[in-house]
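Chemist: If you scroll down you'll find the structure; I have some questions about it.
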Amino acid sequence: EAGVTQFPSHSVIEKGQTVTLRCDPISGHDNLYWYRRVMGKEIKFLLHFVKESKQDESGMPNNRFLAERTGGTYSTLKVQPAELEDSGVYFCASSQVRRGELFFGEGSRLTVL
Amino acid sequence: QQQVKQSPQSLIVQKGGISIINCAYENTAFDYFPWYQQFPGKGPALLIAIRPDVSEKKEGRFTISFNKSAKQFSLHIMDSQPGDSATYFCAALRRGGGADGLTFGKGTHLIIQP
C-alpha cells in the first residue's frame with residue numbers, strides 16, 4: 023500500500039512568486055494534516071482536514087497560505103506570494119481515525135530566495 | 731512560546747549504550763505524548779506513545795518514562811545500535827475536540843557510534 027506522497031520534493035522560488043505543494047494521503051484516510059519545519063525549529067502544525075472540510079486551521083501563518091482538499095482526496099497548499107521566512111520543509115500527514123497515528127510523507131522542501 | 735521543550739539538541743552514544751532524550755511540557759491539557767523517529771530524507775514515523783495514566787511504556791528497546799507531576803517525559807533507547815541514528819521528536823496532543831494538531835519539540839539528533 024502506498025504511503026503519503028508529496029510533490030514536489032524540493033522547490034526553489036524567488037520572493038514574490040507562487041508555489042503549490044501537493045499531498046496524496048493514504049487511501050481511505052479521512053484526516054489530513056499539514057505541518058512545517060523551519061530550519062532548526064520544531065515541526066509546527068498548520069491545519070487539519072477531515073475529508074474536504076477544514077477542521078482546524080489555527081496554525082496557518084497568514085492569508086498568504088491557502089490549503090484545499092478537493093473531494094476529500096488529495097490536498098494542495100499554496101503560498102502566494104512567497105516570502106523568505108516561508109522557507110522550510112512542509113510535511114503532510116494522514117490518519118485513519120481522528121487523533122490516531124499520523125503517517126507522514128517525506129516532505130516538500132521549499133526554498134525562497 | 732515553546733510548549734514542548736526537548737533536550738539535548740544532539741546526542742552521541744556508543745553502540746550498546748543507553749540513549750536518553752528528555753521533554754518537558756507546560757500545558758496540562760495535553761493527554762497524549764508520542765515520540766517520532768525521522769531518518770534523513772524521510773518523514774517522521776511514530777515510534778512509541780504514552781498517555782498520562784501510566785508512568786512507563788516499553789516496546790522492545792524503547793521505553794517512555796512519564797512524570798505527570800513534573801510534566802516531563804523521556805525516551806530511553808536501550809542497547810543503542812547504529813541503525814537508531816536518527817532525529818527524534820517528542821510531541822504532545824491536547825485532549826478535547828477541535829484541536830488535533832500535535833505540538834512538537836525541536837528534535838534531538840542522535841548518533842550511535844559503532
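If you read the sequences in order, they're chains A and B.
For any residue, its number in the working numbering is found by taking its place in the first sequence, counting from 1, and adding 22.
For any residue, its number in the working numbering is found by taking its place in the second sequence, counting from 1, and adding 730.
C-beta atoms are modelled at their ideal positions from N, C-alpha and C, and glycine is treated no differently.
1. How about residue 70(A) and residue 117(A): do their beta carbons lie closer than 7 Å?
2. With distances taken between CB atoms, is the gap from residue 840(B) to residue 737(B) smaller than 7 Å?
3. Put residue 107(A) into one of helix, strand or coil per three-state DSSP.
4. Going along the chain, which residues of its own chain have a beta-carbon closer than 6 Å to the beta-carbon of residue 735(B), five neighbours each way excluded?
5. Is residue 107(A) close to chain B, meaning its C-beta is less than 7 Å from at least one C-beta of that chain?
6. Taking the beta strand (DSSP E) that residue 751(B) falls in, what are its first and last residues?
7. Can you tell me whether residue 75(A) is buried or exposed? The criterion is at least 16 other CB atoms within 10 Å of its CB, across all chains shown.
8. Scan the segment 62-117 of chain A and note each continuous beta strand (DSSP E) run of 3 residues or more that stays entirely inside, going in chain order.
9. Is there a Cβ of chain B sitting closer than 7 Å to that of residue 81(A), yes or no?
10. Excluding sequence positions up to five away, which residues of its chain have a Cβ less than 6 Å from the Cβ of residue 785(B)?
11. What does DSSP give as the partner residue(s) for residue 775(B) in the beta ladder?
12. Taking residue 40(A) as the reference, which of 59(A), 120(A), 123(A), 98(A) has the closest Cα?
13. How long is the line joining the alpha carbons of residue 813(B) and residue 783(B), rounded to whole angstroms?
14. For residue 760(B), I'd like the list of residues in its chain whose CB is within less than 7 Å of its CB, leaving aside the five on either flank, ordered along the chain.
15. Beta-carbon separation of residue 64(A) and residue 835(B) under 7 Å?
16. Give the residues from the segment 825-839 of chain B that approach chain A closer than 8 Å (Cβ to any Cβ), ordered along the chain.
17. Give the interface partners of residue 120(A) over in chain B, defined as CB-CB distance under 7 Å, in chain order.
18. Strictly below 7 Å CB to CB, what residues from chain D border residue 771(B)?
19. With a threshold of 8 Å, are at least 3 pairs of Cβ atoms found where one atom belongs to the segment 98-116 of chain A and the other to the segment 43-50 of chain A?
20. Taking CB distances under 7 Å as the criterion, tell me whether residue 65(A) reaches chain B.
21. Is it buried or exposed for residue 26(A), if we count other Cβ within 10 angstroms and need 16 for buried?
Modeler: Taking the structure as given:
1. no
2. no
3. helix
4. 754
5. no
6. 749-755
7. exposed
8. 65-72, 75-78, 87-91, 97-101, 110-117
9. yes
10. 796
11. 125(A), 767(B)
12. 98(A)
13. 31 Å
14. 822, 823, 824
15. yes
16. 828, 829, 830, 831, 832, 833, 834, 835, 836, 837
17. 830
18. Checking the listed chains, one finds no chain D in this structure; the protein chains it contains are A and B.
19. yes
20. yes
21. buried
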